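2 protein chains.
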Amino acid sequence: MKPRSRRGGGRPTIADVARKAGVGAITVSRALREPERVSPELREQIARAVDALGYVPDRNARALASARADVIGVLVPSLTNNVFAEVVRGIYDGLGDTHLQVQLGNTHYSGLEEERLLQVFLSQKPSALIVSGIDQTPAARALLESAGCPVVQIMEIGPDPVDMMIGFSHLEGGRAVTRHMIEAGYRKVGFIGARMDPRSQRRLAGYRAAMEAAGLYDVRLVTTTTTPSSVSLGQELFRDALAKVPTLDAVFCNNDDLALGVLFEANRAALAIPSKVGIAGFNDLDMMHVAFPSITSVRTPRYEIGRQAIAMARAAIAGKRPADLVVDTGFELMARESTARHPDGRRPPAP
Amino acid sequence: MKPRSRRGGGRPTIADVARKAGVGAITVSRALREPERVSPELREQIARAVDALGYVPDRNARALASARADVIGVLVPSLTNNVFAEVVRGIYDGLGDTHLQVQLGNTHYSGLEEERLLQVFLSQKPSALIVSGIDQTPAARALLESAGCPVVQIMEIGPDPVDMMIGFSHLEGGRAVTRHMIEAGYRKVGFIGARMDPRSQRRLAGYRAAMEAAGLYDVRLVTTTTTPSSVSLGQELFRDALAKVPTLDAVFCNNDDLALGVLFEANRAALAIPSKVGIAGFNDLDMMHVAFPSITSVRTPRYEIGRQAIAMARAAIAGKRPADLVVDTGFELMARESTARHPDGRRPPAP
DNA sequence: CCGACAATTGGTAGCGCTACCATCCCTCTG
DNA sequence: CAGAGGGATGGTAGCGCTACCAATTGTCGG
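Protein sequence lines correspond, in order, to chains A and B. Mapping of the first sequence onto the numbering used here: position 332 corresponds to residue 335, and the numbering continues sequentially without gaps. Mapping of the second sequence onto the numbering used here: position 185 corresponds to residue 188, and the numbering continues sequentially without gaps.
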């Protein structure tokens, strides 16, 4: 019986290549996926046929037949947030020239959306999954645990990995900057936070721990909102914080965008930095060291986290599970002009 | 003959659902894709079976059988550049709750990489393609023309669309800001550009056109590099520009990151803005209106371009090709404090 | 010199779904 | 009341590829 006319628009198939090269279809398949299992002569012959016909394997057929797509599903809460943009860049760069593809999903910081996307991703049988954070819903966690592929949780570390994990402690990050500001002589150190996703919450917890340890904690110093972060929001929240506590002498911002907004607002209100008010951010975007004055921040290795997450996933796909399933990348406090106030004539503590 | 044991890990298939619902497999398929072609009773019955079994269609099988994947391929030159991050956000938002998925590719501003990714994307038979810019290589263009699916070129418009197009004229954008600065009384208006991709080149062309029209053009006013843009690079290039032309009285920056770097450097060097030096950026990121002083920029509808590109692609997929295949979104000049210098006692021209 | 064994190649039978066409049943027309 | 026409449903045959196993060849130790 005559086969029905090609639906796919006449693109050559593996059978065409096999015919042209005078070999079996399966050998062509092997030559493309595991060249070392095919003799050099045939390999060469097949390569010529592939070039001549302009053959490109059909990923859909391949995925169906092998019950595994060459796709790594990646779930991030935001694509415009520079932090995740950098993570994603690291992920793409970590792919190198593998045949793997990335399937990106944006959860918009919503656990339900994460569940939904996980369902969708799973329906493609991905080779691995990368998800952001450690606060999956129970349903999402169940999906991850029965995913049947390597899973990497990124950006944070916690006690109970689904599989693998790479990130750092946001609580310790928050604690470190806050402590630094206290040591610089600031007493009324405020916290300004937008979005307040779980990672922000933990930065706040670190702030609170440091403030309480110094006997300086006061709820009224904390100004947060669930509104998405932006530079202009930093400006607004700083105004709010000052209105609540006019004696505020420093602010630790949730992230660098807010810190920049605070800087501009302080400039506008003619509040001298760092003498009148100290400013610190989080993530250490490029602009922080260029700003005038330069802004203290916590450098987070987000690009590296993306790269390494892929490296871990690739190792696991290849069956070589890394020795360390949980990797703490740490962070680095970048103390700069915006918090360089010397307390009561004392020199700041040596590093 | 007994079928080989399930490779897919025992997930239910359409046949399982059909059996459970007491209907044919094809009816299940239809109930899921074109519910209106199935009677309400069966639809209901099938829905129950789907829920009971937790059935999720296999995208790979679906794509193979229908020779069409529910995927829209999107090629952007960068993921960290806020502009494209916003475009991508618009694209994801434009998807709504369709079953469509986005496949994102990062060309790193390379035509060759664009070709390679196009090959890869085409091997999945995407439902549509969205590509950035209008400067595809001949090979990439050929691939697009024979893609057999709707194609949307975004961010720019030009005379020769592959299929559909949505964007604005970067040349006109550059011309508009430059003219604005000249009208504000600046004479030695410099151009600072990083990356210098085709769109930047056209902004420069617009700058040049405006400067020449005013008899002010001088090559030495132009400072560019192919290095990727950043705030710190803005700082450096501004220093370079001043070293070349110490009488420089304004700069039009390629983009807002550079403009921010210039602002900080001007602050640092105690050059008053806007009296001593005027500053303008491009794209109008949120921070531009918050900055102190606020910075003049050109607002570009990048989020909207992403949304509309998807809308156009969806219409075309559904067979309803939009009336306007080429959409000019325009742009908006946002004149702010950073260029508010009154020329020689004259009031600035009314808007 | 023979059987064992590895290396290389090929045939067959699906993977899970949908395009195509056939069938069935109902309603409507003349 | 026969026949036409249309809507709903189902069967069959692949989509292009790979898993599994069989077949063939060459190599080696005993």
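Note that the Cβ used here is the ideal one computed from N, Cα and C, for glycine as well. Quick caveat: nothing in here was measured; it's all calculated off a predicted structure.
A straight line joining the alpha-carbon of alanine 18 (chain B) with that of alanine 68 (chain A) spans about 18 Å. The residue from B:Gly237, B:Gln156, B:Asp260 and B:Asp331 with its alpha-carbon nearest to that of methionine 167 (chain B) is B:Gln156. In the displayed model, glutamate 37 (chain A) falls within coil according to three-state DSSP, outside both helix and strand.
Inter-residue distance for threonine 16 (chain B) and arginine 22 (chain B) is about 10 Å (C-alpha atoms, whole angstroms). Alanine 253 (chain B) is bridged by DSSP to B:Val192 and B:Gly281. Arginine 71 (chain B) sits buried, since 16 or more C-beta atoms from the chains shown fall within 10 Å of its C-beta. Annotation: the stretch 288-324 of chain A contains the following complete segments of the beta strand (DSSP E) (minimum length 3 residues), in chain order: 300-302. Contact of glycine 218 (chain A) with chain B is not assigned, every C-beta pair being separated by 8 Å or more. Contact annotation: serine 297 (chain A) and alanine 262 (chain A) have beta-carbon atoms that are not nearer than 8 Å. As the crow flies, the alpha-carbon of leucine 103 (chain B) is around 6 Å from that of valine 74 (chain B).
Positions of the beta strand (DSSP E) runs, each at least 3 residues long and wholly inside the stretch 112-179 of chain B, are given as 131-135, 154-159 and 167-171 in order along the chain. In the three-state scheme derived from DSSP, where H, G and I count as helix and E and B as strand, asparagine 270 (chain A) is classed as helix.
Closest by C-alpha distance to cysteine 256 (chain B), out of B:Lys247, B:Tyr210, B:Ala273 and B:Glu215, is B:Tyr210. Contact between methionine 291 (chain B) and aspartate 259 (chain B) holds: CB atoms are separated by about 6 Å, below the 8 Å threshold. B:Leu240 is the residue among B:Ala34, B:Leu240 and B:Leu288 whose C-alpha sits nearest the C-alpha of alanine 269 (chain B). In chain order, Pro153, Val155, Met167, Ile169, Pro325 and Val330 place their CB closer than 8 Å to the CB of methionine 315 (chain B), counting only its own chain and leaving out the 5 sequence neighbours on each side.
In this structure leucine 174 (chain B) is not in contact with arginine 223 (chain B), their Cβ atoms being roughly 22 Å apart against a cut-off of 8 Å.
Straight-line measurement puts the Cα of valine 86 (chain A) at about 25 Å from the Cα of alanine 319 (chain A). In the DSSP assignment, isoleucine 75 (chain B) falls within the unbroken beta strand (DSSP E) covering 74-79. Taking 8 Å as the CB threshold, arginine 198 (chain A) stays off the interface with chain B. Taking the beta carbon of leucine 107 (chain B) as reference, the chain A residues within 8 Å of it are Val105 and Leu107, listed in sequence order. Within the model, the alpha-carbon separation for isoleucine 185 (chain B) versus threonine 110 (chain B) is close to 36 Å.
For the 8 Å CB-CB criterion, alanine 244 (chain A) and leucine 266 (chain A) do not form a contact. By the neighbour-count definition (other C-beta atoms within 10 Å, threshold 16), threonine 101 (chain A) is an exposed residue. Valine 59 (chain B) counts as exposed, since fewer than 16 other C-beta atoms from the protein chains shown sit within 10 angstroms of its C-beta. Secondary structure at leucine 107 (chain A): strand, using DSSP grouped into helix, strand and coil. For alanine 294 (chain A), the nearest CB of chain B lies under 8 Å from its own CB, placing it at the interface with that chain.
Scanning chain A for C-beta atoms nearer than 7 Å to the C-beta of valine 234 (chain B) yields Asp289, Met290 and Val293, reported in chain order.
In the DSSP assignment, no residue is bridged to threonine 230 (chain A). The stretch 196-230 of chain A contains, as complete beta strand (DSSP E) runs of 3+ residues, the segments 225-227 (chain order).
Straight through space, the alpha carbons of asparagine 84 (chain A) and serine 81 (chain B) are spaced by roughly 14 Å. Contact between arginine 198 (chain B) and threonine 229 (chain B) holds: CB atoms are separated by about 6 Å, below the 8 Å threshold.
Here DSSP, grouped into helix, strand and coil, assigns asparagine 84 (chain B) to coil. Taking CB atoms only, leucine 35 (chain A) has no neighbour in chain B less than 8 Å away. Rounded to the nearest angstrom, the Cβ distance from leucine 120 (chain B) to leucine 78 (chain B) is 6 Å, consistent with a contact under 8 Å.
In this structure, DSSP gives aspartate 331 (chain B) an extended state, which the three-state scheme calls strand.
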